[in-house]
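Peer 1:
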């Protein structure tokens, strides 16, 4: 059976705040840097989601807004593919649209 690995290396400052986030994957040729990462794991035993959210000190607020907007859209797409709950995914995309407008990332949709 084939196995793959995704590795994260987080460099912390003296206050244990992330300064740098590097990641690599088995299929990748070299490591890459990122300013933020969100990892969600399903704990089937506890019926609970475990989360790791990290971002570097140099990630700007506008970048964080865009990151969250794109994550919301990605979650809607994944939810749709994984469950076939197209209407619920459409509602999630609607919220992402609203969020994007509120954060001034996208133009307001005309009624």
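In my numbering, the protein residues as written are 652 to 762.
We put the beta carbon where it would ideally sit given N, CA and C, even for glycine.
A quick note: this is a predicted structure, and the numbers were derived from the prediction, not measured.
What does the alpha-carbon distance come out to for the pair residue 681 and residue 717?
Peer 2: If I take the Cα positions, the gap works out to 26 Å.
Peer 1: Do the stretch 684-693 and the stretch 707-714 make contact, defined as three or more Cβ pairs closer than 8 Å?
Peer 2: A contact exists between the stretch 684-693 and the stretch 707-714.
Peer 1: Quickly, what does DSSP pair residue 661 with across the bridge? List them, please.
Peer 2: Residue 661 pairs with 672.
Peer 1: In whole angstroms, what separates the C-alpha of residue 730 from that of residue 676?
Peer 2: Approximately 24 Å between the Cα atoms of the pair.
Peer 1: Looking only at its chain, what residues have a beta carbon closer than 8 Å to the beta carbon of residue 752, apart from the 5 residues adjacent to it on each side?
Peer 2: Counting only Cβ-Cβ distances below 8 Å, and skipping sequence neighbours, we find 758, 759 and 760.
Peer 1: Buried or exposed: which applies to residue 703, given that a residue is buried once 16 or more other Cβ atoms fall within 10 Å of its Cβ?
Peer 2: By the 10 Å Cβ count, residue 703 comes out exposed.
Peer 1: So, with DSSP's three-state summary, where would you put residue 756?
Peer 2: If DSSP states are grouped into helix, strand and coil, residue 756 belongs with coil.
Peer 1: So residue 705 and residue 762 are in contact, right, with Cβ under 8 Å, and what is the actual spacing, rounded?
Peer 2: Contact flag wrong, Cβ pair sits at about 39 Å.
Peer 1: Residue 662 and residue 671 - do their beta-carbons sit closer together than 9 Å?
Peer 2: Against a cut-off of 9 Å, the Cβ pair of residue 662 and residue 671 comes out as a contact.
Peer 1: Can you tell me which of the three DSSP states residue 737 falls into?
Peer 2: DSSP places residue 737 in helix when its eight states are reduced to three.
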